[in-house]
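S.K.: Please find one structure pasted underneath; my questions will follow.
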Amino acid sequence: MDGRLAIIGTGRIGEALLRGLLRSRWLSPDRVVCTDALEARCEQISAEYGVEATTDNRAAVAAADVVLIALKPQVLVRTLTAITDAFNTDQTVISVAAGITTSTIQDAIEGEVPVVRVMTNTPVQVDEAMSVLSGGTHAEDRDLDLAEEILSHVGEVVRMDEEYLDAVTALSGSGPAYFFLLAEAMIDAGILLGLPRDVSTQLIIQTMVGSATMLRDSGRHPVELREMVTSPGGTTIAAIRTLESAKVRAAFLDAIEAAKLRSEALARGE
Ligand SMILES: NC(=O)c1ccc[n+]([C@@H]2O[C@H](COP(=O)([O-])OP(=O)(O)OC[C@H]3O[C@@H](n4cnc5c(N)ncnc54)[C@H](OP(=O)(O)O)[C@@H]3O)[C@@H](O)[C@H]2O)c1
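Under the numbering used here, the first residue of the sequence shown carries the number 98, and numbering increases by one thereafter.
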């Protein structure tokens with residue numbers, strides 16, 4: 098990247114993005130400034146990555162071409178409103194704050210500054226994020242291209258209209274929690290069957306990783322892959338009958354719809 102990047106709020110996700118961008122060499126340490134609320138955290142980031150880190154959000158934003166906002170939703174509007182004069186219309190502002198709309202950010206920083214909203218998920222911390230981008234009123238293709246380039250260093254990226262972001266939040270935003278719950282339940286099942294906890298855990302983690310890799314790399318539909326392990330009169334179909342009797346499939350549909358409704362309610366401030 099030729100310009101300067103400011104990362105506002107260098108917590109877990111801000112640091113994950115910094116690490117991914119430096120490691121890929123898309124960004125050199127002299128082109129980024131990170132901010133945080135705590136001086137001690139700034140010193141830690143600076144020492145670990147060799148980048149400038151400061152508690153001065155205004156100075157960081159004013160000197161940047163791209164502003165990446167990784168603040169918690171609760172502090173975002175207050176923080177941006179306090180430094181609104183530091184933004185300019187040549188910048189691209191990219192926010193990864195869950196549930197904060199582009200119009201809320203545009204109102205906080207005023208002027209016709211391009212804003213791109215990103216809904217990513219916790220695997221961003223291991224460079225396996227699923228990120229979905231939406232442009233605000235003033236964002237052009239070059240702003241979305243830039244956001245896509247940045248997020249592609251920590252996982253996969255898709256562009257969608259902002260109206261879909263509550264559904265995205267319910268599906269891939271909360272998605273890791275559903276898989277963790279499934280892993281927990283399956284590990285417990287191994288323990289119920291008498292396996293040691295560590296063995297049960299290893300079996301389930303590798304089975305999840307292997308299944309996800311097959312799903313991603315084979316290009317085959319999940320039904321097709323499931324049929325490959327479901328032989329007539331066999332063990333798998335016995336388990337699947339129990340899952341279908343327990344209405345697990347319907348529970349997933351209801352659960353993910355509930356998450357979308359909750360995301361909409363949170364966006365209305367409820
Ligand atoms: N973590 C994820 O995997 C994930 C996934 C999807 C979306 N997100 C979104 O990413 C955003 C950040 O999440 P996170 O998990 O990274 O949270 P986090 O670890 O709490 O990071 C937020 C950082 O912002 C700093 N901060 C607070 N007030 C500030 C201010 N006025 N100026 C500068 N920095 C300030 C905090 O500093 P101190 O803590 O040092 O006070 C903290 O380091 C959230 O909006 C969340 O919705 C996160």
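Yeah, the Cβ is synthetic: ideal placement off N, Cα and C, and Gly gets one too.
These numbers come from a predicted model, not from an experiment.
Among the residues of its own chain, which have a CB less than 8 Å from the CB of Pro319, if the five just before and after it don't count?
M.R.: Leu312
S.K.: Distance, Cα to Cα, Ala362 vs Thr332?
M.R.: Computed Cα separation, rounded: 43 Å.
S.K.: Hey, out of Leu248, Ile206 and Val212, whose CA is closest to Pro220's CA?
M.R.: Leu248
S.K.: Would you mind sorting Thr339 into buried or exposed? The rule is 16 or more other CB atoms within 10 Å of its CB.
M.R.: exposed
S.K.: Can you round the beta-carbon distance between Ala183 and Arg155 to whole angstroms, since I take them to be within the 8 Å contact cut?
M.R.: Between Ala183 and Arg155 a beta carbon distance of about 5 Å is seen, short of the 8 Å cut, so the two are scored as contacting.
S.K.: Rank Ala274, Ala244 and Val326 by C-alpha distance to the C-alpha of Met98 and give the top, closest one.
M.R.: Minimum Cα distance to Met98 is reached at Ala244.
S.K.: State yes or no: is the C-beta of Arg138 nearer than 7 Å to some heavy atom of ligand 1?
M.R.: Answer for Arg138: yes, Cβ within range of ligand 1.
S.K.: Could you check if Thr151 belongs to the surroundings of ligand 1, using beta carbon to heavy atom distance under 7 Å?
M.R.: Result no, Cβ not under 7 Å from ligand 1.
S.K.: Compute the minimum distance between the beta carbon of Thr168 and the heavy atoms of ligand 1, and state whether it is under 7 Å.
M.R.: Here the sequence assigns Leu to residue 168, which means Thr is not the residue at that position. Within the cutoff, so yes.
S.K.: Rounded to whole angstroms, what's the CA-CA distance from Lys39 to Gln299? Just pull it up for me.
M.R.: Only positions 98 to 367 of the chain appear in the structure, and residue 39 is not among them; the question remains open.
S.K.: In the DSSP output, what is Gly232 paired with across the bridge?
M.R.: The beta-bridge partner set that DSSP reports for Gly232 consists of Val213.
S.K.: Measuring alpha carbon to alpha carbon, tell me which of Ile301, Ser342, Ser271 and Leu292 ends up nearest Glu354.
M.R.: Ser271
S.K.: I believe Ser231 touches Thr199 by the beta-carbon criterion, under 8 Å. Please report the beta-carbon distance rounded to the nearest angstrom.
M.R.: So it is a contact: roughly 7 Å between Cβ atoms.
S.K.: If contact is defined by three or more beta carbon pairs under 8 Å, each pair taking one atom from either stretch, is the segment 180–194 in contact with the segment 154–169?
M.R.: Yes, since at least three Cβ pairs between the segment 154–169 and the segment 180–194 fall closer than 8 Å, the two stretches touch.
S.K.: Taking the alpha-carbon positions, what's the Arg138 to Val193 distance?
M.R.: 20 Å
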